[in-house]
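Reading through the structure tokens given below for one structure.
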Amino acid sequence: MVKNLNNKELLLDVLEMEKNMAVNMTYSLNESSNEALYKELFTIFDVISKSTKKLFTLAYNKDYYMLEKEDSKKIKEAVKTLRSEFDCCPK
Numbered sequence: 140m141v142k143n144l145n146n147k148e149l150l151l152d153v154l155e156m157e158k159n160m161a162v163n164m165t166y167s168l169n170e171s172s173n174e175a176l177y178k179e180l181f182t183i184f185d186v187i188s189k190s191t192k193k194l195f196t197l198a199y200n201k202d203y204y205m206l207e208k209e210d211s212k213k214i215k216e217a218v219k220t221l222r223s224e225f226d227c228c229p230k
């Protein structure tokens with residue numbers, strides 16, 4: 140049985156597909172065998188990345204994609220933790 144998708148489901152499904160394509164394109168970029176191939180793949184990646192951002196913005200503006208407001212104390216603690224972990228990295 141084929142399910143009819145409403146606008147929200149369709150947009151979020153396409154957004155998820157685009158996000159997955161962008162992630163997979165990074166593997167292709169990292170593993171490209173020569174510069175010409177890398178440039179061609181990067182052009183494709185750039186288009187996918189920009190499309191993904193436009194789709195996310197559309198979904199967000201339609202309230203299909205919710206972001207939670209976080210407590211500033213938790214944010215400051217997370218930044219402090221990340222800074223201490225970063226400071227431990229060799230320079």
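Using my numbering, read the sequence shown as starting at 140 and increasing by one per residue.
Where a beta carbon is used, it is the ideal one built from N, C-alpha and C, also for glycine.
Predicted, not measured: the structure shown is a model, and the values here were computed from it.
Distance from the CA of valine 153 to the CA of threonine 182, rounded to the nearest whole angstrom, comes to 20 Å. The DSSP assignment places no complete run of the alpha helix (DSSP H) inside the region 192-221 (cut-off: 4 residues). Threonine 196 places its beta carbon 8 Å or farther from that of lysine 158. Going by beta carbons, leucine 144 and tyrosine 203 fall outside the 8 Å limit.
The alpha-carbon of isoleucine 214 is positioned some 31 Å away from that of phenylalanine 184.
For glutamate 155, the enclosing alpha helix (DSSP H) stretches over residues 146-169.
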